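S.K.:
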Amino acid sequence: MFDIFLSLYFPSLQWEEIGEVDENYAPIHTYQVCKVMEHNQNNWLQTNLILNEGAQRVFVELQFTLRDCNSLPGGVGTCKETFNMYYYESNDEEGRNLRESQYSKVDTIAADESFTELDLGDRVMKLNTEVRDLGPLTKKGFYLAFQDLGACIALVSVRVFYKKCPFIVRNLAQFQDTITGSDSSQLLEVAGNCVNNSVAEDLPRMHCSAEGEWLVPIGKCVCQAGFEEVNDSCQVCRAGFFRSVLQTPACSKCPPHSFTRVQGSVGCTCEEGYYRRDSDPPNMACTRPPSAPRNAISNVNETSVFLEWAVPEETGGRKDVSYNILCRKISVDSRHYEECESTVRFLPQRNSLRNNSVMVADLLAHTNYTFEVEAVNGVSELTNPGRQFVSLNVTTNQAAPSPVSVVRKGNSGKNSISVSWQEPDRPNGIILEYEIKYFEKDQETSYTIIKCKETEIVADGLKPSSVYIFQIRARTSAGYGGFSRRFEFETSPYCKSCIYIDNTHMLFCAQCVCCNMTVIQHHVCGKSLRRCGYSKAKQEPDEEKIHFHNGHIMYPGVRTYIDPHTYEDPNQAVHEFAKEIDVSCITIERVIGAGEFGEVCSGPLRLPGKKEFPVAIKTLKAGYTERQRRDFLGEASIMGQFDHPNIIHLEGVVTKTKPVMIITEYMENGSLDTFLKKNDGQFTVIQLVGMLRGMASGMRYLCDIGYVHRDLAARNILVNSNLVCKVSDFGLSRVLEDDAEAAYTTRGGKIPIRWTAPEAIAFRKFTSASDVWSYGIAMWEVMSYGERPYWEMSNQDVIKAVEESYRLPGPMDCPVVLYHLMMACWQKDRNSRPKFEEIVCLLDKLIRNPSSLKALVNSSHRSGGFTDGFVSVTFTEVGVTDITACLTGIDLGSSVSQTHVTSLISRTLSRKHT
Numbered sequence: 001m002f003d004i005f006l007s008l009y010f011p012s013l014q015w016e017e018i019g020e021v022d023e024n025y026a027p028i029h030t031y032q033v034c035k036v037m038e039h040n041q042n043n044w045l046q047t048n049l050i051l052n053e054g055a056q057r058v059f060v061e062l063q064f065t066l067r068d069c070n071s072l073p074g075g076v077g078t079c080k081e082t083f084n085m086y087y088y089e090s091n092d093e094e095g096r097n098l099r100e101s102q103y104s105k106v107d108t109i110a111a112d113e114s115f116t117e118l119d120l121g122d123r124v125m126k127l128n129t130e131v132r133d134l135g136p137l138t139k140k141g142f143y144l145a146f147q148d149l150g151a152c153i154a155l156v157s158v159r160v161f162y163k164k165c166p167f168i169v170r171n172l173a174q175f176q177d178t179i180t181g182s183d184s185s186q187l188l189e190v191a192g193n194c195v196n197n198s199v200a201e202d203l204p205r206m207h208c209s210a211e212g213e214w215l216v217p218i219g220k221c222v223c224q225a226g227f228e229e230v231n232d233s234c235q236v237c238r239a240g241f242f243r244s245v246l247q248t249p250a251c252s253k254c255p256p257h258s259f260t261r262v263q264g265s266v267g268c269t270c271e272e273g274y275y276r277r278d279s280d281p282p283n284m285a286c287t288r289p290p291s292a293p294r295n296a297i298s299n300v301n302e303t304s305v306f307l308e309w310a311v312p313e314e315t316g317g318r319k320d321v322s323y324n325i326l327c328r329k330i331s332v333d334s335r336h337y338e339e340c341e342s343t344v345r346f347l348p349q350r351n352s353l354r355n356n357s358v359m360v361a362d363l364l365a366h367t368n369y370t371f372e373v374e375a376v377n378g379v380s381e382l383t384n385p386g387r388q389f390v391s392l393n394v395t396t397n398q399a400a401p402s403p404v405s406v407v408r409k410g411n412s413g414k415n416s417i418s419v420s421w422q423e424p425d426r427p428n429g430i431i432l433e434y435e436i437k438y439f440e441k442d443q444e445t446s447y448t449i450i451k452c453k454e455t456e457i458v459a460d461g462l463k464p465s466s467v468y469i470f471q472i473r474a475r476t477s478a479g480y481g482g483f484s485r486r487f488e489f490e491t492s493p494y495c496k497s498c499i500y501i502d503n504t505h506m507l508f509c510a511q512c513v514c515c516n517m518t519v520i521q522h523h524v525c526g527k528s529l530r531r532c533g534y535s536k537a538k539q540e541p542d543e544e545k546i547h548f549h550n551g552h553i554m555y556p557g558v559r560t561y562i563d564p565h566t567y568e569d570p571n572q573a574v575h576e577f578a579k580e581i582d583v584s585c586i587t588i589e590r591v592i593g594a595g596e597f598g599e600v601c602s603g604p605l606r607l608p609g610k611k612e613f614p615v616a617i618k619t620l621k622a623g624y625t626e627r628q629r630r631d632f633l634g635e636a637s638i639m640g641q642f643d644h645p646n647i648i649h650l651e652g653v654v655t656k657t658k659p660v661m662i663i664t665e666y667m668e669n670g671s672l673d674t675f676l677k678k679n680d681g682q683f684t685v686i687q688l689v690g691m692l693r694g695m696a697s698g699m700r701y702l703c704d705i706g707y708v709h710r711d712l713a714a715r716n717i718l719v720n721s722n723l724v725c726k727v728s729d730f731g732l733s734r735v736l737e738d739d740a741e742a743a744y745t746t747r748g749g750k751i752p753i754r755w756t757a758p759e760a761i762a763f764r765k766f767t768s769a770s771d772v773w774s775y776g777i778a779m780w781e782v783m784s785y786g787e788r789p790y791w792e793m794s795n796q797d798v799i800k801a802v803e804e805s806y807r808l809p810g811p812m813d814c815p816v817v818l819y820h821l822m823m824a825c826w827q828k829d830r831n832s833r834p835k836f837e838e839i840v841c842l843l844d845k846l847i848r849n850p851s852s853l854k855a856l857v858n859s860s861h862r863s864g865g866f867t868d869g870f871v872s873v874t875f876t877e878v879g880v881t882d883i884t885a886c887l888t889g890i891d892l893g894s895s896v897s898q899t900h901v902t903s904l905i906s907r908t909l910s911r912k913h914t
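Just so we're aligned: the sequence shown equals residues 1 to 914 in the UniProt record's numbering.
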């Protein structure tokens, strides 16, 4: 604030100037008037011209004393205790002699305290202070005038001032002196100027209030690169320090393996042998290429090779290490290497691998290959120190045969077609049998499978004048090859020779039947005929011709699962098996997780005529492809076919609006593995057995309708508030069926090796028996409260150990009878494993007889071990003599075979159980 002290002058002698001293004996001048004894007083006092210096609003502070009228002698009728203040605006000093009517009144001033005659005797001065404001002012200056109408008053001080916001530096921006606005509520926006060596990140502004205070700072300035902020100014960075980006406030020391020797550096130079990419942040250390990968191993599976290696000992100081695979094979003359064929596949990819393993598929059988695994990082391309790689030499094994390429039509009749073919160009071993698939054209979902060892068959029971599609594939000990291309053959409109008849006798060949759920005995035709036919007269009970619809065997009167991916239009499957829900019935309240295709949420579902209830909501994220939409809704098409208390229930789908949603029942406790980890040791054995029973009951239902889960694990079991366990996650089946290499890689990552049966890993033979193996692993997870199967062993170590008959040890405090059941599920021969119906029967009897669960596995069980392929279970040892019938096919007579562990597994288990 700036004060203006004024000198007053009189237009007349109505006011008197009197000199006095204050209480400190300092001289003061006052202007007084006290003509209370006279009538009709009108005494004026005027200032000189006061320049407002650009202020639109000024303040006038008055200090005065005033005599109490009651203290004056009686009979004074004109006495007043107030006076008036006026002002007049002017641009010059010619307005000193003004008429009264030209002034504008500011206010009538009254005293808060008045003095009396007694106060005069005591020399007590009761000083009053009043402040008034003038505005808005529009001219250069103004006059003040004071009017007395009959008071006894002394004007001690007149102080005129205005307010302004003072000079300030804020956020490296200077704000100059700013006079406040004309309105008492007005905020003036003022732009600031950046200090030296700084730039505006966002235009700096502040607001000057009517009281002279800076308020509401907006925007700021930042020091230029090479400078840092110190005490509201920008100072240059010292040598050895740098500042490159405006977002960092201070100079930073050069990161490792870099330097600068000048002031004001915006970056540091890398030391010799170290590098920095253009995309690397300046504060990142300079780095170098990695060393070679370590401890590379290979695992050959027919014509596929699984390569795995350890990360380089020296990563170069970077986290973006990746790997490239070079594949070469020995030439025919064995003198040099040549590049692998373009048909060789690398899963997940050949170059820029971020994980330290890769599957190489579609190699040639019985061929020598060399693989070089090269480690690179972000700066490898900036230097040329030589490739850093590790080399492996492998030889592939016998493989599945190549597809059959030549198929010919033989004799055809009204109801039959004879078909022959040539052996595949590359059999890759001894052909064990052929599988022939045929169906009526445009009726692909209903087809027939025949198996035969010869290269000719007669397909009968066909429609006259109809076109049929035939496909053939061969099998060796390494598995099936791919199907041939489609061949179209037509039956005759009339009957020719339907069956080949010898001169001396007629031979009918038993048609061979394929079933992906049961093992059917095959009969081989006589070699003299070189054909495999079908005859009801000769057929055995298990040799009936089995027809497939939508990929599943159709039994009369039995409900079967239908694969939705066999529908030509996936939307048809969705609407056939899932109910469409209006999106207005759903309210998303919170996100509870993330799925493969988008977020998983929860919220209430309000269906017309039904009470509101909570549901889980899977959403399909934006930007999806048509295939992603099909795969996402495919799981709903699968779930919509299930109706069981231990299978997650599908409420419906939302497909007509975005986002696309799958609505299922809400399971309060989430996935079983996470739930068990959070509640380690909190449940009784009976409660755990109840969870196992729910899982088995759901799987028994799936088995009965012909569905193979393929990914049964505790993570895919959901738990509600009543501890009811329900099987979920039905998205893996189709992927494995279509992709020949999905035994290791699916769209969600690697196949769950630790949960998968050996035959499913080796030959992709997924059946309900392989689901039983997975159930045994899930049992182990439950009894160990969510522990990771096989702990820190690598996937390859697990595959090798299981193949060598190693099995997981019994969890701590696990009942013996449950561990024996686990071992039964892990029998190498899949036909010897218990069925889910038998497992449910056993668990029911255990629940009814809790005493059978008291005997716990001993320390020898927990050491892990090998078994010779069968598990011997003696339930009489634990007091359960009436439940052995539930485990048909399991030897109940002898004890568990001798256990031992390889050195690798011993080290793993000793670390786990120490």
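C-beta atoms are modelled at their ideal positions from N, C-alpha and C, and glycine is treated no differently.
Keep in mind it's a predicted model, so treat the numbers as computed, not measured.
1. Using the Cβ count rule (16 or more neighbours within 10 Å means buried), how would you classify His336?
2. When the Cα atoms are used, what is the spatial distance from Gly479 to Asp680?
3. What does a CB cutoff of less than 8 angstroms around Ser671 pick up in its chain, not counting 5 residues either side in sequence?
4. Compute the distance between the beta-carbons of Ser602 and Tyr666, then report whether it is under 8 angstroms.
5. Comparing C-alpha positions only, which one of His709, Asn193, Pro645, Gln14 sits nearest to Asn722?
6. By DSSP, does Ala296 sit in helix, in strand, or in coil?
7. Quick check: what's the CA-CA separation for Gly19 versus Pro27?
8. Nearest CA to the CA of Asn415: which residue from Gly135, Ala459, Trp44?
9. Taking 7 angstroms as the limit between beta carbons, can you name the residues of its chain near Gln14, skipping five residues before and five after?
10. Can you give me the start and stop residues for the alpha helix (DSSP H) that Lys678 sits inside?
11. According to DSSP, is Asp133 part of a helix, a strand, or is it coil?
12. Can you tell me the Cα-Cα spacing of residue 922 and Glu488, whole angstroms?
13. Glu16 to Val169, Cα distance in whole Å?
14. How big is the Cα-Cα spacing for Cys270 and Ser357?
15. Taking DSSP as the reference, what is the three-state secondary structure of Glu635?
16. Give the C-beta separation of Pro815 and Ala778 to the nearest angstrom, bearing in mind that I take them to be a contact with Cβ-Cβ under 8 angstroms.
17. State yes or no: is the C-beta of Ile450 nearer than 7 angstroms to some heavy atom of the ligand SAH?
18. Could you tell me which of Gly634, Val615, Lys658 sits nearest to Gly623, measuring between CA atoms?
19. So Val85 and Ile109 are supposed to be a Cβ contact under 8 angstroms. How far apart are they, rounded?
20. At a cut of 8 angstroms, does the stretch 449–456 reach the stretch 357–376 through at least three beta carbon pairs?
21. Look at the alpha carbon of Val873 and the alpha carbon of Met639, and state the distance between them as a whole number of angstroms.
22. Taking the alpha-carbon of Cys268 as reference, which of Gly690, Cys237, Lys765 has the nearest alpha-carbon?
23. Is Val802 helix, strand or coil by DSSP?
24. Where DSSP assigns a beta bridge to Glu61, which residues make up the other side?
25. What are the boundary residues of the alpha helix (DSSP H) that includes Pro758?
26. For a test of the three-state rule: what should DSSP assign to Tyr323, helix, strand or coil?
27. Look at the alpha carbon of His820 and the alpha carbon of Lys329, and state the distance between them as a whole number of angstroms.
28. For His207, write down the residues that DSSP places opposite it in a beta bridge.
29. Please go through the same chain and pick out, in chain order, the residues whose beta-carbon is closer than 6 angstroms to the beta-carbon of Val591, but skip the five residues on each side of it.
30. Compute the Euclidean distance between the alpha carbons of Val131 and Phe64, then round it to the nearest angstrom.
31. Which runs of the alpha helix (DSSP H) fall wholly inside the stretch 558–644 and span at least 4 residues, in chain order?
32. Based on the DSSP secondary-structure assignment, which residues constitute the bridge partners of Cys194?
33. Between the C-alpha atoms of Tyr88 and Gln174, what's the straight-line distance to the nearest angstrom?
34. Taking a contact to mean a Cβ-Cβ separation below 8 angstroms, would you say Ala250 touches Ser304 in this structure?
35. Verify whether the separation of the beta carbon atoms of Pro312 and Val321 is less than 8 angstroms.
36. Does the Cβ-Cβ distance between Lys726 and Ile647 come in under 8 angstroms?
M.R.: From the atom records:
1. exposed
2. 43 angstroms
3. Ala714, Arg715, Asn716, Ile717, Leu718, Val719
4. yes
5. Pro645
6. strand
7. 7 angstroms
8. Ala459
9. Val33, Asn43, Trp44
10. 672–678
11. strand
12. With the chain represented from 1 up to 914, any question about residue 922 goes unanswered, as that position is not in the structure.
13. 49 angstroms
14. 33 angstroms
15. helix
16. Not really, about 16 angstroms apart at Cβ, beyond 8 angstroms.
17. The ligand SAH is not among the ligands present in this structure, which contains no ligands whatsoever.
18. Lys658
19. Here residue 85 turns out to be Met, not Val, going by the sequence shown. Sure, about 6 angstroms apart at Cβ, within 8 angstroms.
20. no
21. Because the pLDDT at Val873 is just 39, under 50, the model does not fix this residue reliably, and the value given afterwards should be weighed accordingly. Cα to Cα, Val873 sits roughly 36 angstroms from Met639.
22. Cys237
23. helix
24. Val131, Arg159
25. 758–763
26. strand
27. 47 angstroms
28. Glu189, Leu215
29. Glu599, Cys601
30. 12 angstroms
31. 570–577, 626–639
32. Ala173
33. 37 angstroms
34. no
35. yes
36. yes
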